[in-house]
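Below is one structure, written out as structure tokens; comments come after it.
Protein chains in written order, with the UniProt record's numbering: chain A, 1 to 222; chain B, 1 to 222.
In structure tokens form, the structure reads like this:
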């Protein structure tokens, strides 16, 4: 069986789960406590991060960028990276935006500080990081809202990996109660559309011990 | 004419320059002082980062990931991402390793602290970051050396974007005198091989005002 090693709140693992679900590729989930640095896992991915995907033919894939590009090459039905060269460049620019810029400016300041530090026993969240994370969220939601208002989906006329990447980061932060959806209506409407896709349901059913999501987390009409 | 907006010491811009050179795609270089936040540049890339590539047909490409994937799709001669699905996953895993993990643990601790802060008028390098950067360099060079000893090139039997990515980060750090090549012989031998490729020469000729590289920087027999 195809196995995806993950952590429930990892946006990078969520992105791969959403891509697999959109493509209707069946897989099994295994939680990998990366901070245990399990030897067999380090052999699969010396960076010791999730997601890692193992295929039935023995192929081991590490890193969400490598996995998502692989999925679109190996399972081209329901393409998630766009069709023309220009569309593909735009999808990838936005994937890099959310996995790079947004992750650095928002996700790591909030999710890492509040959730990962606790799990890894690295102390309390840093107040300055939390402040920066909340302050950075607003302009990012505005940019996302602007994209969603000027296009059908974030990168153009089709749902793409750009939507799945943005939704992965936002859904992880939403789980820990850190997204104020009143900041931008267009961003909220876009998220409601992504959230109501069948492939999103398993993510909304996730629960992490010790952290309960706010009531609107799994609500499709939030 | 095809134009690449860059900064001489940006590893991400260097990666694209190396990819263009390996593919023998002609282009013009323009230095973009991203900290000036020039309006026309922000329109091309709202993230306000280099590299940005503009094609003669008007296509604007932002972000090194989007650009490198585009180059391999638009100019498939001299492929840089591998051939089989497994090879391609390995190339991309290593690109992510150097652009993500290495960048976070080494490049940003040294290059950002010593060079970018000065350019942007953001004060002196943080001593703790410098210490972390130097400490992290050793295990990374060891991993790179191990890859170079067990394979012809970092990701397998052909030169790939993995080599160009690693060499971009190392060459930027080498310019500011921060690579101790005596730490790992295999890594040094691999770098000497990449460095002596014709496509590397323009990078070795770069000079940044106010910072002179060490004598070995442009020496092919360092």
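C-beta: ideal position from N, C-alpha, C; glycine also.
Computed from a predicted structure; not experimentally measured.
8 Å or more divides the Cβ of residue 18/B from the Cβ of residue 94/B. Interface with chain B (8 Å Cβ-Cβ cutoff): residue 101/A is included.
The C-beta distance from residue 187/B to residue 145/B rounds to 4 Å, short enough to fall under 8 Å.
For residue 54/A, there is no enclosing alpha helix (DSSP H); the enclosing beta strand (DSSP E) covers residues 52-54. Not flagged as an interface residue toward chain B: residue 156/A, since no C-beta distance is shorter than 8 Å. Going by beta carbons, residue 130/A and residue 110/A fall inside the 8 Å limit. In this structure, residue 214/A sits away from residue 156/A, with a CB-CB distance that is not shorter than 8 Å. At a cut-off of 8 Å between C-beta atoms, residue 2/A does not count as an interface residue with respect to chain B. Against chain B, the CB of residue 19/A has no partner CB under 8 Å away; the residue lies outside that interface. Taking all protein chains shown into account, residue 107/B has 16 or more neighbouring C-beta atoms within 10 Å of its C-beta and is therefore buried. Listed along the chain, the chain B residues whose CB falls inside 9 Å of the CB of residue 175/A amount to none; the nearest CB is some 23 Å away.
Between the beta-carbon of residue 50/A and that of residue 5/A there is about 5 Å, and that keeps the pair under the 8 Å contact cut. Within chain B, 97, 143 have C-beta atoms less than 9 Å from the C-beta of residue 46/A, given in sequence order.
In the displayed model, residue 104/A falls within a helix according to three-state DSSP. Residue contact with chain B for residue 14/A: absent (no Cβ-Cβ distance below 8 Å to any residue of chain B). Residue 197/B and residue 168/B have their alpha carbons spaced roughly 13 Å apart. For the stretch 59-92 of chain B, the set of positions with a beta-carbon nearer than 9 Å to some beta-carbon of chain A reads 59, 60, 61, 62, 63, 64, 65, 66, 67, 69, 70, 73, 74, 81, 85, 86, 88, 89, 90, 91, 92 in chain order.
A direct Cα-Cα distance of roughly 12 Å separates residue 201/A from residue 193/A. DSSP places residue 134/A in the helix class (H, G or I) of the three-state scheme. Note on geometry: alpha-carbon atoms of residue 99/B and residue 137/B lie some 14 Å from one another. Nearest to residue 53/B by alpha-carbon distance, out of 78/B, 20/B, 81/B, 33/B, is 20/B.
By the criterion of at least three beta-carbon pairs nearer than 8 Å, the stretch 26-45 of chain A is not in contact with the stretch 65-79 of chain A. For the stretch 22-68 of chain B, the continuous alpha helix (DSSP H) assignments of 4+ residues that do not extend past its boundaries occur at 39-44, in sequence order.
Looking at the backbone, the Cα of residue 3/A and that of residue 56/A are separated by about 8 Å. Residue state for residue 156/A is assigned as strand, using DSSP reduced to three classes. Taking C-beta atoms as the reference points, residue 115/B and residue 34/B fail to come closer than 8 Å. Annotated three-state conformation of residue 5/B is strand, per DSSP. Per DSSP, the unbroken alpha helix (DSSP H) holding residue 169/B starts and ends at 161-175.
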